[in-house]
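The block underneath contains the structure these notes are about, expressed in structure tokens.
Protein chains in written order, with our numbering: chain B, 95 to 381; chain U, 95 to 381.
Below, the structure written as structure tokens:
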């Protein structure tokens with residue numbers, strides 16, 4: 095019996111409770127946050143946070159504030175990515191993107207607010223006795239590193255830099271490791287921190303997350319190539335795993351990284367069965 | 095004998111040391127951060143952080159990482175404020191603004207990176223034994239609240255909202271309290287936290303900072319009106335303290351808020367003499 099749908103329900107409720115009450119003048123900011131947070135998505139990151147907490151013997155409820163912190167970061171990155179100066183996307187998951195709905199300046203502020211509030215949520219985890227101060231400091235360090243210059247933002251920078259220049263395979267791997275895998279790594283690490291796990295245990299989750307992140311990204315390239323939806327990448331002459339290796343080899347590569355990810359889970363034994371299922375579903379997804 | 099120039103020297107050096115080493119592909123991000131951090135300015139916020147630490151009997155060196163965290167937040171807010179979708183400023187302190195120098199997308203990322211790294215710097219303060227984990231959590235809470243929706247970002251939102259609509263006096267006060275005073279309050283609070291001060295002591299600093307922040311903002315309006323440099327505000331029909339009260343009354347109002355700020359310092363006795371001097375210099379400044 096899987097806990098996934100129970101966890102997703104808890105996450106949706108916790109996300110809603112993570113948006114603070116604001117004064118009358120500022121309250122529309124809360125609405126902008128709610129609009130983007132309600133965008134849906136698969137909630138892969140907060141789900142992995144709860145799953146790793148449980149796999150290490152922790153109470154997943156104690157990981158909820160940290161899971162929301164990661165989802166706040168993910169959501170801000172989507173808002174800023176959609177801005178005209180970045181990807182200039184009018185739609186996100188079938189809804190108007192934040193800047194199309196609220197204007198560019200407000201979308202910029204909504205993203206900044208989500209980013210900033212992610213760190214508040216870690217202090218909320220302390221205030222609600224989910225975690226102690228030492229573990230909160232570990233969580234702030236993970237989140238600020240893996241979503242910052244040495245993580246997600248670094249990956250976005252590389253992505254911009256090679257927008258019109260073909261990237262080599264090592265650059266492509268560095269970009270995806272930072273842009274996609276780093277925040278997944280953060281989700282897993284924060285879940286383990288909520289369970290009071292030590293750094294050695296977290297290192298297994300890092301291996302898992304990096305491999306899963308690469309598998310996820312390669313699978314993305316494969317799906318887009320099959321769909322013919324990667325028109326922008328193709329037009330820009332952007333290098334992808336498919337353009338480098340062809341579809342079949344790229345599929346094999348995704349399978350190898352998934353296998354590596356699953357092997358890294360051996361440390362957690364059968365407690366990680368649900369994580370195995372999530373990883374396999376991500377690789378076998380069709381959209 | 096004033097410590098101000100010694101403190102400024104320490105702050106400049108600490109800011110430089112706060113920028114992390116990055117991989118070859120990402121290292122230009124560090125250059126973008128350095129460019130904006132080196133922009134200069136009076137370093138009022140980090141200076142107040144060190145001064146309050148000293149006034150409460152702490153070692154100001156222990157407040158340096160926290161002081162840099164506040165300056166990182168201040169600097170990101172300037173980069174994002176200068177973007178075309180916000181104030182659209184090509185210059186900042188006589189230098190090209192970040193987006194004019196590096197492009198809009200990179201400036202957006204540089205701002206996000208500064209914001210994110212500010213929170214890393216609080217964990218650096220723990221790693222370097224400046225503060226313990228409990229005080230780090232207090233610092234993260236102050237910084238995320240006072241620079242977030244309930245602080246600086248909230249003030250920026252109100253500013254945008256009333257760009258073309260006259261604001262009432264209460265709205266103007268709420269805007270400036272959030273946009274300007276909140277981050278000054280954060281500087282003072284973080285300095286006191288580095289000294290291990292309790293919440294009651296911090297509450298005196300909050301009163302000081304809010305009054306100083308308002309005095310600072312009113313003085314800004316007065317200087318701009320005298321210079322004739324507030325052309326954009328005048329053109330937009332934007333309400334300022336000068337447009338509401340006239341120059342002389344606005345000057346008096348700034349003096350009243352400065353007096354209130356100085357009174358809030360009484361709690362700290364002569365240990366706050368340097369802070370008194372800084373506050374008076376800010377009110378008496380001519381540019």
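By construction, the Cβ of each residue, glycine as well, lies at the ideal position given by its N, Cα and C atoms.
Since the structure is predicted, the reported quantities are computational estimates derived from the model, not experimental observations.
In summary, residue 187 of chain U is exposed, with fewer than 16 beta-carbon neighbours lying within 10 Å of its beta-carbon over all protein chains present.
Residues of chain U whose Cβ lies closer than 8 Å to the Cβ of residue 214 of chain B are, in chain order, 234, 235, 238, 239, 242. Chain order gives the chain B residues near residue 268 of chain U as 117, 119, where near means a beta carbon separation below 8 Å. Among the residues of the segment 247-261 of chain B, those with a Cβ less than 7 Å away from any Cβ of chain U are 247, 248, 250, 251, 252, 254, in the order of the chain.
Here residue 130 of chain B is buried. Its C-beta has 16 or more other C-beta atoms within 10 Å. Partner residues in the beta bridge of residue 185 of chain B, as assigned by DSSP, are B:190. For residue 348 of chain B, same chain residues with a beta-carbon under 7 Å away, outside a window of 5 residues either side, are 309, 312, 313, 316, 377 in chain order.
If you draw a straight line from the Cα of residue 381 of chain B to the Cα of residue 297 of chain B, it is about 30 Å long. The C-beta of residue 210 of chain U comes closer than 8 Å to at least one C-beta of chain B.
A straight line joining the alpha-carbon of residue 255 of chain U with that of residue 160 of chain B spans about 32 Å.
Within the same chain, 184 come within 7 Å of residue 194 of chain U by CB-CB distance, once the 5 residues on both sides are set aside. For the options B:224, B:319, B:295, the alpha carbon positioned closest to that of residue 146 of chain B is the one of B:295. Using a CB distance below 9 Å, the part of the segment 155-177 of chain U facing chain B consists of 167, 170, 171, 174, 177, ordered along the chain. Following the DSSP letters along the chain, one finds residue 313 of chain U inside the alpha helix (DSSP H) bounded by residues 293-321. For residue 202 of chain U, the nearest CB of chain B lies under 8 Å from its own CB, placing it at the interface with that chain.
Between residue 301 of chain B and residue 273 of chain B, the C-beta gap is not smaller than 8 Å, which leaves the two residues out of contact. Separation of residue 333 of chain B and residue 172 of chain B (C-alpha to C-alpha, rounded to the nearest whole angstrom) is 21 Å. Of all alpha-carbon atoms in B:352, B:351, B:350, B:319, the one lying nearest the alpha-carbon of residue 336 of chain B is that of B:319. Between residue 225 of chain B and residue 156 of chain B, the C-beta spacing is below 8 Å. Note that the segment 260-267 of chain U does not touch the segment 207-227 of chain U; fewer than 3 beta-carbon pairs, one per stretch, sit closer than 8 Å. When 7 Å is used as the limit between beta carbons, residue 206 of chain B is near these residues of chain U: 174, 209, 247, in chain order.
Neighbours of residue 333 of chain U in chain B, taken as residues at a C-beta separation under 7 Å, are lacking, since the least C-beta distance is about 14 Å.
At a cut-off of 8 Å between beta-carbon atoms, residue 217 of chain U makes contact with chain B. Cβ-Cβ distances below 6 Å link residue 249 of chain U to 269, 272, 273 in the same chain, with the five nearest sequence neighbours on each side left out; the list follows chain order.
Linking residue 198 of chain U to residue 199 of chain B through their CA atoms gives a straight-line distance of about 13 Å. Cβ atoms of residue 207 of chain B and residue 247 of chain U come within 8 Å of each other, at about 5 Å. Only exposed fits residue 110 of chain U, as fewer than 16 other CB atoms lie within 10 angstroms of its CB. Residue 285 of chain U is positioned such that its CB atom lies closer than 8 Å to that of residue 144 of chain U.
Around the beta carbon of residue 340 of chain B, fewer than 16 other beta carbons lie within 10 angstroms, which makes this residue exposed. For residue 157 of chain U, no alpha helix (DSSP H) encloses it, and the DSSP letter there is neither H nor E. Look at residue 126 of chain U here: in three-state DSSP terms it is helix. Under the Cβ criterion of 8 Å, residue 344 of chain U is not counted among the residues facing chain B.
Take the alpha-carbon of residue 303 of chain U and the one of residue 132 of chain U: they are about 25 Å apart. Here residue 277 of chain U really is in contact with residue 139 of chain U; their C-beta atoms are around 6 Å apart, less than 8 Å.
Put simply, the segment 363-375 of chain B does not touch the segment 343-361 of chain U. Fewer than three CB pairs are less than 8 Å apart.
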